[in-house]
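Chemist: Sending over a structure as structure tokens; questions will come in a sec.
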Amino acid sequence: MSGKAPRKGTTDRKGTTPRKATTPRKGTKDRKGTTDRKTRVTVLVALAANLVIAAAKAVGGLLAGSPALLSEAAHSVADSLNEVFLLAALRRSRRPADRRHPFGYGKERYFWSLLAAVGIFVMGGCFSVFQGVEALGGGAEEKFGGYVAGLAVLAVALLAEGVSLLRALHQVRAQGGRAGLRDPALRTVVAEDGTAVLGVTVAMAGMALHMVTGQVVWEAAASIAIGVLLVLVAYGLGREARDQLIGEAADPELLGRIRALLRAQPEIDSVEALFTMKTGLDSHLVAARIDLVPGLDSEEVEEVAVRIKGSVGRVCPGAGEIFLDVTDRGAGEARESPAATGERGGA
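Going by this note's numbering, the sequence shown opens with residue 36, and the numbers climb by one from there.
In structure tokens, the structure reads:
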């Protein structure tokens, strides 16, 4: 390595100054904003559906004098609160980075989605299981008018939940199928509405069988089945949110592209380690520990680092922060390196 003095803002061979990645292109921000607006509309449709269902259950419960329907009205209000959580996630996750949160607020999406999952588990799953067990123990008989009111309310619920689910599935398809489900807010709406449609169908079947046979066990079993389904869905949503909050690596395909890019650079002798972490829905942190070929002076190291960071930013447009740590092998290791032995070609 030559004796040239490093320019300001650089370090010696053992490291390079972490430098912020290039600001994402305007088109990327526009696409993210459009996607968020569409997701917000989807969440608002789900919120409206849940409020309609809550009103229908409350009216039906009052007309029929059914404590079960009144309790279900409270359950639908709780579902509406989950949609409010998701709206908060969409708004707060778009805040720019600041001194207290230098990597931004992207993970707000996963925090509020985790709260929604807890709400589904506690206010949905556990409540439905409790209601079914209580019905089995009580064995209360309902009047014919109660059955009619209950089925009418469930029909309204099925229609409202179906409209909300179709809207969510339309957005998922427009955003590339499974790729669209990366958004925790959209994923929660699809899971909640899909489960609700299935649950209402099961509830109608249980109520109809109860009406025909006079055996409360059918309705109780339907309620328990719905509760178990909600618990499983809540567990899946909560696990996804937990992984993101802890700090999940980038998708294997993207990770492979970044690693291949680094290995293809003629100045990089080897990639010792590559670390990535999702800091939001479309943002990543990338850190790499690399060993450079022998003979580069400090100015060349800086130029190489700037160029490599720009290349990584193009491969991963959402990389808000890119860090390169240049290691320094011993002379013996350098003699055995691919660059020294001629086993590695240039890019």
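Note that the Cβ used here is the ideal one computed from N, Cα and C, for glycine as well.
What residues match up with residue 326 in a beta bridge as DSSP calls it?
Modeler: Bridge partners of residue 326: 305, 362.
Chemist: Assuming residue 287 is part of the alpha helix (DSSP H), what are its boundary residues?
Modeler: 287-299
Chemist: Suppose contacts are defined by Cβ-Cβ distances below 8 Å. Is residue 362 in contact with residue 138 by that definition?
Modeler: no
Chemist: Kindly indicate which residue of 163, 133, 131 has the alpha-carbon position closest to the one of residue 259.
Modeler: Of the candidates 163, 133, 131, the one whose C-alpha sits nearest the C-alpha of residue 259 is 163.
Chemist: So who's on the other strand from residue 313, going by DSSP bridges?
Modeler: 319
Chemist: Which two residues bound the contiguous alpha helix (DSSP H) that contains residue 146?
Modeler: 143-154
Chemist: I believe residue 165 touches residue 147 by the beta-carbon criterion, under 8 Å. Please report the beta-carbon distance rounded to the nearest angstrom.
Modeler: Contact annotation, residue 165 with residue 147: C-beta distance approximately 26 Å; criterion of less than 8 Å not satisfied.
Chemist: Is there contact here, the segment 252-268 with the segment 307-323, by at least three beta-carbon pairs under 8 Å?
Modeler: no
Chemist: Taking only the alpha-carbon atoms, compute the straight-line gap between residue 284 and residue 311 and give it to the nearest angstrom.
Modeler: Between the C-alpha atoms of residue 284 and residue 311 there is a straight-line separation of about 5 Å.
Chemist: With DSSP as the reference, label residue 278 as helix, strand or coil.
Modeler: helix
Chemist: Going by beta-carbon coordinates alone, are residue 280 and residue 142 separated by less than 8 Å?
Modeler: yes
Chemist: How many angstroms separate the CA atom of residue 93 from the CA atom of residue 296?
Modeler: The alpha-carbon atoms of residue 93 and residue 296 are separated by roughly 60 Å.
Chemist: Do you know whose CA, among 236, 253, 237, lies nearest residue 244's CA?
Modeler: 253
Chemist: Any idea if residue 287 is buried or exposed, counting beta-carbon neighbours within 10 angstroms, 16 or more meaning buried?
Modeler: Counting other Cβ atoms within 10 Å of its Cβ, residue 287 stays below 16 and is therefore classed as exposed.
Chemist: Just how far apart, CA to CA, sit residue 86 and residue 76?
Modeler: In this structure, the alpha-carbon of residue 86 lies about 15 Å from that of residue 76.
Chemist: Taking just the CA atoms, how far does residue 95 sit from residue 184?
Modeler: One C-alpha to the other measures close to 6 Å.
Chemist: Please classify residue 206: is it buried, with 16 or more other beta-carbons within 10 angstroms of its beta-carbon, or exposed?
Modeler: buried
Chemist: In its own chain, which residues sit with a C-beta less than 6 Å from the C-beta of residue 335, not counting the 5 before and 5 after it?
Modeler: none
Chemist: Tell me which same chain residues have a C-beta within less than 6 Å of the C-beta of residue 128, skipping the five on either side of it?
Modeler: 140, 141, 143, 144
Chemist: DSSP state of residue 138, grouped into three classes?
Modeler: Coil at residue 138, not helix or strand.
Chemist: Taking the straight line between their C-alpha atoms, what separation do you get for residue 194 and residue 271?
Modeler: When rounded, the distance between both Cα atoms is 26 Å.
Chemist: Return the chain-ordered list of same chain residues with a C-beta closer than 8 Å to the C-beta of residue 125, the five sequence neighbours on each side being excluded.
Modeler: 71, 74, 75, 78, 144, 220
Chemist: Between the Cα of residue 233 and the Cα atoms of 250, 212, 263, 308, which residue gives the shortest distance?
Modeler: 263
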